[in-house]
Amino acid sequence: MAGFQAALFFSSGLFYLFSRVFAAVISRAIVYGPAIEVPKLVLPARYFFVQLVDEHGMNITESQGKDAIDVRIWSQSGPCSFNHFVYDAFDGSYNVRLVLRETCANLLVGVFSKSGKLLSSKYLLKDALGTLDADICDCPMPVEEWKATARCRQDLFKFIDEDLAPWPEKSVDFKYVIDEVERKWGWQTKGASLVHYRIRENKIFKKTYGHYVGFSEFSDKALLSITRKVWLPDVDFVLNLGDWPLELRRRQSKPPVPIIAWCGSADSLDIVLPSYEVMLNTLKTDLSYNQDLLKVSELRQVSWKNKTSKAFWRGRDSRKERLLLVNISRSHPDLLDAALTHFFFFNNDIPVYGPAVATIPFQDFFKYKYQVNVDGTVAAYRLTLLLAGNSLVLKQDSDYYEHYYRGLQQGVHYVPFKADLSNLLEKIKWAKRNPKKVLKIISNAHTFLKDNVMPREIYCYNIEVLLRYKKILQHPLLNFNMSHFEKVAQQPSKKQTRCSCVRKIKQDEEL
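Everything in the sequence shown is counted per full-length UniProt numbering, starting at 1 for the first residue and increasing by one.
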């Protein structure tokens, strides 16, 4: 079903990339997405999509401007606090984000033309109690009920099975995991940054290893958000907070250690979660944050014909190939504009590859037709946002990957080039000669993100990793010394709200 919706949403969508904005006759709007189909599903921001249709029943594939439609959301049961935001996807469609500040009752959604004509059915958003909980509600469901409510797709999880393949069910003694973590990376060198999480009765406890453990703030927030929605099983796991995967894929005298991480590689065994960048994009709901995938569609505002016909890159000096990229740009400025914005790793080479240039706003990247993605210390986490824009992504061959990279296909969602950059210019020239193929690849990338990297799918993936990780453990740790653990507590809400679980408990007590 997700594939059908994406096809509907992006049908002929590649043509918008060529176009000027023109005023089509808007006949109706197709409204779909998790907020419409499963309004009970609580997310930091509920979301849905609007596809415009013309008088001939065809999807409109060019932007009609942000003011072409009026998305109205109102409560039938009195006032409640919420915000909704409409983002032009610049292909005849719109992304709509709904952020509840408190629990609301009986919300109605309607899409109207600027003249006031109703373009869609009206949709009533409510759960079985007639309400919608806000994200601040601490109302966890049984995990299987949540998965059914969210309609998590099984095909999302095939890479979890690949990651866990070295460890059959009930094969891992977690005491061994802790002993090995402390022996290899913990107390002796403190060269790594890790956190041991314990989940007990849906409460979170943690113990950190290493000096640089500030990034546990992101995993704390992710786990707190998950446990407000889902009753997780009791489980222990270790999360690698650093850039590099830790458990190498090589012959060892001891069994490998199952460590969870934000980045994987071909020569490591770390089990990959959605990165902290992806989770931050999912958790953030304030207007000041510009990089969630619902809002980032506005990066597409420069049409294809108005873009500069060359490749573009900016970044710091975190890999030697990035220095080489600067040299290629200087030799071929007609094909590539690449420059370093900061020097940290190769300060002695500033006279050769510098000076550093000023940073530019990310949206200005998409004034260029082709975006170059080169690894940093590991996988370049900007790839998600590059794929969401309306420029072609040229991606370096790499052993590093985020959780979803293994689902991307070369020549379908991006154009690959060799790790040593030796054929990058050839690929840029190919792209310049093949605009129709390029635009199809860009459209495919948008469809892929919509099917695999949106907030619902990110929650599904995180939860499934923990469920399947639990299965490889032999037994829970008993009589474990908790003296060095701290509790990761839910933060009290600044605003009182009545949540569905509180009302249900009261109803049960009255019965």
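No residue lacks a Cβ here, since even glycine has one placed at the ideal position from N, Cα and C. Computed from a prediction, not measured in an experiment: that's the story for all the values here.
On the CB-based measure, 16 or more other CB atoms within 10 Å of its CB, does residue i come out buried or exposed?
i: valine 352; result: exposed
i: isoleucine 360; result: exposed
i: aspartate 236; result: buried
i: methionine 279; result: buried
i: valine 412; result: exposed
i: threonine 341; result: exposed
i: glutamine 490; result: exposed
i: tyrosine 212; result: exposed
i: cysteine 499; result: buried
i: tyrosine 176; result: exposed
i: phenylalanine 366; result: buried
i: alanine 165; result: exposed
i: phenylalanine 174; result: buried
i: lysine 229; result: buried
i: leucine 132; result: buried
i: alanine 35; result: buried
i: glycine 116; result: exposed
i: isoleucine 178; result: buried
i: phenylalanine 480; result: exposed
i: methionine 454; result: buried
In the DSSP output, which residue or residues are listed as bridge partners for residue i?
i: leucine 48; result: The amino acid occupying residue 48 in the given sequence is phenylalanine; leucine does not appear at that position. DSSP output for phenylalanine 48 lists Val96 as bridge partner(s).
i: valine 238; result: His196
i: cysteine 104; result: Leu132
i: histidine 84; result: Leu98
i: threonine 208; result: Val195
i: tryptophan 74; result: Leu108
i: glutamine 396; result: Phe417
i: asparagine 59; result: Val53
i: glycine 264; result: Tyr401
i: lysine 203; result: Arg200
i: leucine 248; result: Ser268
Tell me where the alpha helix (DSSP H) around residue i begins and ends.
i: tryptophan 146; result: 143–150
i: aspartate 163; result: 158–164
i: phenylalanine 174; result: 174–181
i: valine 352; result: 350–353
i: asparagine 444; result: 435–452
i: valine 278; result: 276–283
i: threonine 384; result: 383–388
i: glutamate 37; result: 34–37
Per DSSP, what kind of secondary structure is residue i in: helix, strand or coil?
i: valine 415; result: strand
i: histidine 342; result: strand
i: alanine 311; result: strand
i: valine 257; result: coil
i: leucine 124; result: strand
i: aspartate 337; result: strand
i: aspartate 67; result: helix
i: alanine 29; result: strand
i: lysine 471; result: helix
i: glutamine 410; result: strand
i: glycine 3; result: With a pLDDT of only 39 at glycine 3, under 50, the local geometry of the prediction cannot be trusted, and no value is derived from it.
i: leucine 118; result: strand
i: isoleucine 360; result: coil
i: valine 21; result: With a pLDDT of only 49 at valine 21, under the threshold of 50, the placement of this residue in the model should not be trusted; the figure read from the coordinates follows. Three-state result, valine 21: coil.
i: arginine 316; result: strand
i: serine 113; result: strand
i: serine 391; result: coil
i: cysteine 499; result: coil
i: phenylalanine 365; result: helix
i: glycine 186; result: helix
i: leucine 232; result: coil
i: alanine 380; result: coil
i: proline 476; result: coil
i: lysine 427; result: helix
Report the CB separation of residue i from residue j in whole angstroms; it is logged as a contact under 8 angstroms.
i: serine 309; j: lysine 432; result: 6 angstroms
i: phenylalanine 112; j: aspartate 70; result: 4 angstroms
i: serine 93; j: phenylalanine 49; result: 6 angstroms
i: leucine 107; j: alanine 134; result: Not confirmed; about 12 angstroms, so no contact.
i: valine 238; j: serine 120; result: Not confirmed; about 48 angstroms, so no contact.
i: glutamate 169; j: isoleucine 472; result: 6 angstroms
i: methionine 24; j: glutamine 76; result: A small correction: the amino acid at residue 24 is alanine; methionine does not occupy that position in the sequence shown. Actually they do not touch by this definition, with Cβ atoms about 32 angstroms apart.
i: valine 357; j: arginine 319; result: Their Cβ separation, rounded to whole angstroms, is 18 angstroms, which puts valine 357 and arginine 319 out of contact at 8 angstroms.
i: aspartate 399; j: aspartate 267; result: 6 angstroms
i: glutamate 486; j: phenylalanine 205; result: 7 angstroms
Tell me where the beta strand (DSSP E) around residue i begins and ends.
i: aspartate 220; result: Premise fails: aspartate 220 lies in the alpha helix (DSSP H), 216–229, not in any beta strand (DSSP E).
i: glutamate 486; result: 486–488
i: asparagine 373; result: 368–373
i: alanine 89; result: Per DSSP, alanine 89 belongs to no beta strand (DSSP E) and is neither H nor E.
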